[in-house]
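K.L.:
Protein chains in written order, with our numbering: chain A, 3 to 448; chain B, 12 to 307. Ideal Cβ placement from N, Cα and C applies to all residues, glycine included.
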């Protein structure tokens, strides 16, 4: 019955797509980009794996060849940063990584897309740029309202517990507060050989919701006032709490875990809870190698005394200002980000963190996001709206965040390995952050 | 006669000129550019900073106050001293062993070269697997024997040791190969004469072999010292300079400043200091040790 419904939906969607979505004039021509090769890159992500499976259809339709080579996250960001700074033409399209968006767009390294979007020869009206969730698009738009990219991923931080059954057996439920999180960790520690908590080493993403939950912040008032505020009592308390979670309840060697290692630990049932973007948590319910499909449960990111501040971010495709084949690049981006392609990737492949409202509201998407009877799409939307409303994620898109983020990573490592107490480590992070921001010429409070 | 010598000299200079020109382009110009960049606040997001020489001493002032940089010098010193020392010692011992006349040992020489010929990233990944408790056969074996081992690369007391072990494993074959080549040049009559004079193994090594190898040992040590200052793949893959900054050497810190933060001017200033220190250190070592006996 489930298959029948899905198939019926897909047939209907394809029919509607054919009738309603008129292709742009440029794609209406026979092989309008025959012989053209465009090159693009991003960091590795499951979205790109899915997208590449549909690429041959696009290449057959347009005649162009798309050389799309995603790389590891830090490698991609460094290469893109260098290449963009030269304003060279090596790439025709690139991902605009969230933490670099302010820097790359602010430096004028990406081309505005509004002209291409509004040109009916390039983009049909039905493509509907307004359909993208505004929160996800906010980092891809500059202060004047010009758009530089379209989001393929809206990361929304949730809590995923692969072995929620252990929590239930202990007579508890998924934690809603930091205190409850500690209690759950304590009650399930060592049960079935499962580590209660796991995280990857990107503390400047994972830790911030804990910092804000305790009432702290990274900068005084971003983006206007970038004076770091890492040496506050709230920051020390949050750092101590988080470092304790990692070393007391995480698996051995946790501090070197990459994103993928942390996910694998959950998939194999060796670790239980993780607070991370949904893209890293949904495989627990969907991945063919997951051993925790029947026991996984999701919840909102736990909150602290100051409230809940789950991280949210977005990454989108854009066109470097020096790209030679901007029209061809836009043809690719508009195809990859079209309702039809995104619908196929979400429904056929099970991709979860899509940014088009029309797909998120689609019953078929909601159904694909229901895991063990739990409506995870609802949680996902809650997080996106939380981040969009209060603007607490603004700290992350300021151009100097990578420098400050590095100090946070180092401080958490020093606390977790008992090299320093939380207060001293955060004081050192503050001093180093100020020194680095001075190098960038950032005006700071006295 | 004098005219002929002058012509000869001129001819030699003309022959050398293309090589010197290429050398100048590939080494001197980048060095001069590095020096010039170190006098600017070059930041990739602000292209105009590439030619801003208004505060030429700015980066060097930051250097003096940068505690993390000073810490990286100390880490660098420990890493270089241990890796070079151990590689020289192991290289020497294995070279002595492989210099024995035995078909088996001759066949074994190639096996010892494997770590050195592997791409550095592959070496780093091998050690990453060995050091990661979840997937490491070493950790499994020790745990099965009842001796669980902490995760070395995330432990502040062992992280640098873990890098040193991996680096020594990768590069001791290089020193071994150089020393072995030196040993095979050792005139047998010198050894025989010493033996006739009653020298045992220790005195033979101390008074004949080591003095003879002095030049080879010096070159091998200098190679390894300079390479240890350029250490990168093992640190990048295994520890990322952590936990905290326990394994963050100066070269790695300079890389972070340039490619994570875009402070190319500041990174250039660090590199200028590093290059200068390397040149000075090499000169001191060459002067202190000497090249050993030279055949006329």
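Would you tell me roughly how many angstroms separate the C-alpha atoms of residue 77/A and residue 45/A, rounded to the nearest one?
P.N.:
Straight-line Cα distance between these residues: approximately 8 Å.
K.L.:
How is residue 160/A classed by DSSP in three states: helix, strand or coil?
P.N.:
In the structure shown, residue 160/A sits in a strand (DSSP, three-state: E or B).
K.L.:
Is it buried or exposed for residue 6/A, if we count other Cβ within 10 angstroms and need 16 for buried?
P.N.:
Caution applies to residue 6/A, whose pLDDT of 44 falls short of 50 and renders its modelled position unreliable; the value that the coordinates give is listed next. Exposed, because fewer than 16 other Cβ atoms sit within 10 Å of the Cβ of residue 6/A.
K.L.:
If we ignore side chains and look at the alpha-carbon of each, how far apart do residue 330/A and residue 142/A end up?
P.N.:
Distance between the alpha carbons of residue 330/A and residue 142/A: 20 Å.
K.L.:
Out of 280/A, 82/A, 64/A and 109/A, point me to the one whose CA is closest to residue 71/A's CA.
P.N.:
The shortest Cα separation from residue 71/A among 280/A, 82/A, 64/A and 109/A belongs to 82/A.
K.L.:
Is it buried or exposed, residue 132/A, if we count other Cβ atoms within 10 angstroms and call 16 or more buried?
P.N.:
Burial call: exposed.
K.L.:
If you run the structure through DSSP and keep just helix, strand and coil, what is residue 81/B?
P.N.:
Residue state, collapsed to three classes: helix.
K.L.:
Reducing DSSP to helix, strand and coil, say where residue 154/A ends up.
P.N.:
In this structure, residue 154/A counts as strand in the three-state DSSP scheme.
K.L.:
Can you list the residues of chain B that residue 80/A reaches, using a CB-CB cut of under 9 Å?
P.N.:
Result: 270 and 271.
K.L.:
Taking the alpha carbon of residue 231/A as the reference point, which residue from 316/A, 369/A and 210/A has its own alpha carbon closest?
P.N.:
Residue 231/A has its Cα closest to that of 210/A, out of 316/A, 369/A and 210/A.
K.L.:
Do the region 33-44 of chain A and the region 296-309 of chain A meet, that is, are 3 or more Cβ pairs less than 8 Å apart?
P.N.:
Flag = no, the region 33-44 of chain A and the region 296-309 of chain A do not touch.
K.L.:
Please report the distance separating the alpha-carbon of residue 123/A from that of residue 115/A.
P.N.:
Cα-Cα distance, rounded: 14 Å.
K.L.:
Within the region 279-329 of chain A, note down every full alpha helix (DSSP H) run reaching 4 residues or more, in order along the chain.
P.N.:
Counting only runs of 4 or more, we get 280-283 and 285-288.
K.L.:
When you compare only the Cα positions, how much space is there between residue 287/B and residue 71/B?
P.N.:
Roughly 14 Å separates the two Cα atoms.
K.L.:
Let me see if you follow: with CB-CB separation under 8 Å, is residue 408/A close to chain B or not?
P.N.:
Yes, its Cβ sits closer than 8 Å to a Cβ of chain B.
K.L.:
Is residue 164/B closer than 8 Å to residue 249/B when the C-beta atoms are compared?
P.N.:
Against a cut-off of 8 Å, the Cβ pair of residue 164/B and residue 249/B comes out as a contact.
K.L.:
Check residue 203/A in the structure and name its three-state DSSP category.
P.N.:
If DSSP states are grouped into helix, strand and coil, residue 203/A belongs with coil.
K.L.:
Where residue 328/A and residue 135/A are concerned, what is the direct C-alpha to C-alpha distance, given to the nearest angstrom?
P.N.:
Each residue's Cα considered, the two are about 24 Å apart.
K.L.:
Compute the Euclidean distance between the alpha carbons of residue 291/A and residue 270/A, then round it to the nearest angstrom.
P.N.:
Looking at the two C-alpha atoms, the distance is approximately 8 Å.
K.L.:
Would residue 42/B count as contacting chain A if we go by Cβ distances under 8 Å?
P.N.:
Chain A, which has no Cβ nearer than 8 Å to the Cβ of residue 42/B, makes this no.
K.L.:
What separation, rounded to the nearest whole angstrom, lies between the Cα atoms of residue 420/A and residue 302/A?
P.N.:
Going from the Cα of residue 420/A to the Cα of residue 302/A covers about 30 Å.
K.L.:
Which residues does DSSP list as the beta-bridge partners of residue 230/A?
P.N.:
In the DSSP output, where bridge partners are listed per residue, residue 230/A has 221/A.
K.L.:
Which residue's Cα is closest to the Cα of residue 254/A: 268/B, 238/B and 151/B?
P.N.:
Nearest option by C-alpha distance: 151/B.
K.L.:
Going by Cα to Cα distance, which pick from 192/A, 201/A, 202/A and 180/A is closest to residue 217/A?
P.N.:
The residue with the shortest Cα to Cα distance from residue 217/A is 180/A.
K.L.:
Starting from residue 42/A, trace the beta strand (DSSP E) in both directions and tell me its first and last residue.
P.N.:
Note, residue 42/A: beta strand (DSSP E), 39-43.
K.L.:
If distances are taken between C-alpha atoms only, which option among 65/A, 52/A, 56/A and 221/A comes closest to residue 34/A?
P.N.:
When only C-alpha atoms are compared, the closest one is 65/A.
K.L.:
Closer than 8 Å, Cβ to Cβ, to anything on chain B: give me those residues from the region 227-261 of chain A, in chain order.
P.N.:
Against chain B - using a Cβ distance shorter than 8 Å - the residues of the region 227-261 of chain A are 253, 254, 255, 256, 257 and 258.
K.L.:
For residue 381/A and residue 372/A, I'd like the C-alpha separation in whole angstroms.
P.N.:
Taking the straight line joining both Cα atoms gives about 11 Å.
K.L.:
Using a Cβ-Cβ distance under 8 Å, would residue 412/A count as near chain B?
P.N.:
Output row for residue 412/A: interface = yes.
K.L.:
Since residue 98/A is in the beta strand (DSSP E), which residue starts that stretch and which ends it?
P.N.:
Segment 95-98, the beta strand (DSSP E) holding residue 98/A.
K.L.:
Relative to the alpha-carbon of residue 299/A, which residue among 315/A, 320/A, 275/A and 317/A has its alpha-carbon at the smallest distance?
P.N.:
Comparing Cα-Cα distances from residue 299/A to each of 315/A, 320/A, 275/A and 317/A, the minimum goes to 275/A.
K.L.:
For a cutoff of 8 Å on Cβ pairs, would you count residue 79/B as touching chain A?
P.N.:
Judged by the 8 Å Cβ criterion, residue 79/B is in contact with chain A.
K.L.:
Which of the residues in the region 383-406 of chain A, read from start to end, lie with their CB under 9 Å from any CB of chain B?
P.N.:
Hits within the stretch, in order: 401, 402, 404 and 405.
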